[in-house]
Structure formats: structure tokens, C-alpha cells
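Trainee: The sequence shown maps to residues 1 to 164 in the UniProt record's numbering.
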Amino acid sequence: MSAEDVGGVHVKYLYHCPRQLWLYVRGFRPEALSEAVQMGEAVHDTSYRRATPIDLGAAKLDDLDGDLWVHEIKSASKPSTADEAQAIHYCYRLRKVGVEAQGAVLHYPKTRRTQRITYTPAHEARAEEDIVNVLDTVASPTSPQRLERAACRGCSYQDYCWSD
1 MSAEDVGGVH VKYLYHCPRQ LWLYVRGFRP EALSEAVQMG EAVHDTSYRR ATPIDLGAAK
61 LDDLDGDLWV HEIKSASKPS TADEAQAIHY CYRLRKVGVE AQGAVLHYPK TRRTQRITYT
121 PAHEARAEED IVNVLDTVAS PTSPQRLERA ACRGCSYQDY CWSD
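#1: Thinking just about the alpha-carbon of each residue, which of Asn133, Met1 and Tyr108 is nearest to the one in Ser77?
#2: If Gln102 sits next to Tyr119, beta carbons under 8 Å apart, how far is it from one beta carbon to the other, in whole angstroms?
#3: Along the chain, where does the beta strand (DSSP E) containing residue 165 start, and where does it finish?
#4: What's the C-alpha gap between Thr111 and Phe28?
#5: Can you give me the Cβ contacts of Val97 inside the same chain, cut-off strictly under 8 Å, excluding the 5 residues immediately before and after it?
#6: List the residues that DSSP assigns as beta-bridge partners of Val70.
#7: Rank Ala122, Ser2, Tyr24 and Asp136 by C-alpha distance to the C-alpha of Ser156 and give the top, closest one.
#8: Look at the alpha carbon of Trp22 and the alpha carbon of His71, and state the distance between them as a whole number of angstroms.
#9: Which first and last residues belong to the beta strand (DSSP E) in which Gln115 is found?
#10: Starting from the Cα of Pro121, find the closest Cα among Pro144, Glu129 and Lys74 and give me that residue.
#11: Count the other C-beta atoms from every protein chain shown that fall within 10 angstroms of the C-beta of Asp62, then say buried if there are 16 or more, exposed otherwise.
#12: Can you name the start and end residues of the alpha helix (DSSP H) that Ala23 belongs to?
#13: In the DSSP output, what is Ile54 paired with across the bridge?
#14: Please state whether DSSP places Ala76 in a helix, a strand or coil.
#15: If you check the beta carbons only, do Ala85 and Tyr160 fall under 7 Å apart?
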């Protein structure tokens with residue numbers, strides 16, 4: 001895996017759970033069987049239907065408006081560090097291909113809230129650091145330690161990590 005292969009999902013998983021990232025890169029994908037993931041996809045598919053997905057190869061973002069703000073639809077009720085890191089990664093990727101993304105707007109349809117993140121030079125440094133951390137995590141020959149069990153609630157990888 002190279003730096004160009006690192007996408008938003010990788011960054012989100014890095015923040016959510018490094019073990020999840022490590023497993024995901026190795027092709028372990030229980031998300032298809034997860035009710036939480038299916039609910040998230042339904043929320044995404046029924047919210048903001050005018051959104052036009054943007055495919056940057058490894059990074060696939062939900063929408064980019066005419067003022068160059070990335071829009072991401074999230075199924076969670078509240079913002080998380082993982083959501084923010086993913087959005088910053090998308091802005092970084094856009095800027096690398098010459099699109100001067102202004103920042104990101106995270107949409108949380110369940111609570112009808114949004115969070116606006118203005119992209120700054122500090123975000124560029126964070127995005128570059130995140131890419132290095134993703135590459136370091138996935139290069140490890142052994143999986144990272146699992147999180148505390150309470151942090152795993154609702155994770156589609158929970159059965160794998162906690163089965164004996």
C-alpha cells in the first residue's frame with residue numbers, strides 16, 4: 001500500500017480503531033452483514049439526494065458544492081474525531097489534484113445538525129501525518145490490540161475481535 005492508496009475510509013478507521021483498519025486492508029469486511037452499516041447506508045441513500053459523489057480513486061467523497069466545500073453525510077448522531085479526520089483527508093486529496101477545497105460540512109441527518117470545518121495549513125500537516133500513520137499501521141505484521149470492549153459496541157468487527 002502506498003500513500004496514494006490511502007482513502008477516507010482508511011483514515012476514518014485509523015481514528016475509530018487501528019485494528020479495524022488493519023483487518024480492512026487485509027480484506028476482512030464484515031460490514032456487509034452489519035445492521036448498523038446497513039442502517040447507515042439507508043440514511044445516506046435517503047438523505048441529500050441531490051448530492052453527486054466524487055471519485056478520486058482511493059478517496060470517494062459524497063459531494064463537492066460550487067463553492068468547493070466537501071459535503072459528507074454521516075449516519076451517526078454526533079460528530080467524531082474520525083469523521084473530522086476523514087473530511088480533512090478529502091480536502092487534502094482535492095487540493096493535491098488542484099481543487100482548492102475550502103473545507104468540509106459534515107451532515108448528521110438523524111439529528112439535523114451540521115458541522116463546518118474550514119481547511120487550514122494545520123489540516124494539511126494533519127492529513128499528511130494521518131497517511132503516514134495509516135501506512136505504519138497496515139505495514140505491521142500483527143494486528144493492533146483491540147480496544148476496550150465498550151468502545152466496540154456496534155462495530156461490525158466486534159465478533160471477530162472478541163470471539164475466543
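Quick reminder that beta carbons are idealized off the backbone N, C-alpha and C, glycines included.
From a predicted model like this one, the values you see are computed outputs, not experimental measurements.
Mentor: Concretely, from the data shown:
#1: Translated into positions along the sequence shown, residue 77 becomes position 77. Ranking Asn133, Met1 and Tyr108 by Cα distance to Ser77 puts Tyr108 first.
#2: Taking the sequence shown and counting its residues from 1, one reaches residue 102 at position 102. Taking the sequence shown and counting its residues from 1, one reaches residue 119 at position 119. That pair is a contact at about 6 Å.
#3: Because the chain spans 1 through 164 in this model, residue 165 falls outside it and cannot be assessed.
#4: As a working note, residue 111 is residue 111 in the sequence shown. As a working note, residue 28 is residue 28 in the sequence shown. About 31 Å.
#5: By one-based count along the sequence shown, residue 97 stands at place 97. So the qualifying residues of the chain are Leu56.
#6: Within the sequence shown, the letter at position 70 stands for residue 70. BP columns for Val70 point to Leu64 and Ala104.
#7: As a first step, residue 156 must be located in the sequence shown, where it is residue number 156. Considering only alpha carbons, the answer is Tyr24.
#8: The residue labelled residue 22 in the question sits at position 22 within the sequence shown. The residue labelled residue 71 in the question sits at position 71 within the sequence shown. C-alpha separation (whole angstroms): 27 Å.
#9: Taking the first residue of the sequence shown as position 1, residue 115 is located at position 115. Arg113 to Thr118 is the extent of the beta strand (DSSP E) around Gln115.
#10: Counting from one through the sequence shown, the residue named residue 121 turns up at place 121. Among Pro144, Glu129 and Lys74, the Cα nearest to that of Pro121 belongs to Glu129.
#11: The residue given as residue 62 occupies position 62 in the sequence shown. When all chains shown are included, Asp62 counts as buried.
#12: Counting from one through the sequence shown, the residue named residue 23 turns up at place 23. It is Leu, not Ala, that sits at residue 23 in the sequence shown. Segment Pro18 to Val25, the alpha helix (DSSP H) holding Leu23.
#13: As a first step, residue 54 is located in the sequence shown; it is residue number 54 there, counting from the start. In DSSP, Ile54 forms a bridge with Leu61.
#14: What you label residue 76 is simply residue 76 of the sequence shown in a count that begins at 1. Residue state, collapsed to three classes: coil.
#15: Residue 85 sits at position 85 when you count from the first residue of the sequence shown. Residue 160 sits at position 160 when you count from the first residue of the sequence shown. It is not a contact, given that the beta carbons lie outside the stated cut-off.
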